[in-house]
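Trainee:
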Amino acid sequence: MPKMVKIEANPDFKPNATQKAEYSAIEKAGAKTVTYQTAIHNIRHSGGMYRIQPEASATATAATVSAPKLAEMDLQDLKLMMVSLGVKTEKQMKKSEVIKVIETKLAEIDIVDDDETT
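In my numbering, the protein residues as written are 508 to 625.
(1) If Y557 and N517 are in contact, beta carbons under 8 Å, what's the gap, nearest whole angstrom?
(2) Grab me the residues of T596's own chain with a C-beta within less than 7 Å of its C-beta, minus the 5 sequence neighbours each way, in chain order.
(3) Between which two residues does the beta strand (DSSP E) harbouring T542 extend?
(4) Express the C-alpha separation of D621 and I609 in angstroms, rounding to a whole number.
(5) Between A538 and the rest of its own chain, which residues show a CB-CB distance below 6 Å, the 5 nearest in sequence each way excluded?
(6) How far does the alpha helix (DSSP H) with K485 in it reach, from first residue to last?
(7) How would you write the range of the alpha helix (DSSP H) that K527 sits in, first residue to last?
(8) A546: buried (16+ other C-beta within 10 angstroms of its C-beta) or exposed?
(9) Can the beta-carbon of I606 be found closer than 8 Å to that of L577?
This is the structure we're talking about:
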């Protein structure tokens, strides 16, 4: 099944005198659902009168996703995280000690944007 998207009149488009009638017809028609390929074709051939309607659900989902909390992770995931961070382990460690060590190691890591390194 092809990917379906909604296209609508582009609010950033400024029509000239010859395009006003066509653009107002697009605005009155409202959003319509078409295949992705058709949407790209319409956008190119309309000179920018159309745009793909942004998906609200994708934005809301991305904002709510967060990293799992260490206290909620199972023991195998904590072990894997310790190994990936290069933590020296003892034979037996309490879960609270493991979490403290992992948090300390993660706090030492600084991530710098690519623009700042040049």
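Glycine included, every Cβ here is placed at the ideal spot set by N, Cα and C.
None of these values were measured; they are calculated from a predicted model.
Mentor: Answer, in terms of the structure:
(1) Translated into positions along the sequence shown, residue 557 becomes position 50. Translated into positions along the sequence shown, residue 517 becomes position 10. Yes, they are in contact, since the Cβ atoms of Y557 and N517 sit about 6 Å apart, within 8 Å.
(2) For the purposes of this step, residue 596 is identified with residue 89 of the sequence shown, where counting begins at 1. For T596, where only same-chain residues beyond five positions count, the Cβ hits under 7 Å are M589.
(3) In the sequence shown, residue 542 corresponds to position 35, counting from 1. Where T542 is concerned, the enclosing beta strand (DSSP E) stretches over 539-542.
(4) Looking up residue 609 in the sequence shown gives position 102. Looking up residue 621 in the sequence shown gives position 114. Distance between the alpha carbons of I609 and D621: 26 Å.
(5) As a position in the sequence shown, residue 538 is number 31, starting the count at 1. Same-chain partners within the cutoff: K513, E515, Q560.
(6) Past the edges of the chain, shown from 508 to 625, lies residue 485, and the structure says nothing about it.
(7) The residue given as residue 527 occupies position 20 in the sequence shown. Run containing K527: 527-536, per the alpha helix (DSSP H) assignment.
(8) Counted from its first residue, the sequence shown places residue 546 at position 39. That one is buried.
(9) One-based indexing of the sequence shown puts residue 606 at position 99. One-based indexing of the sequence shown puts residue 577 at position 70. The answer is yes: Cβ separation under 8 Å.
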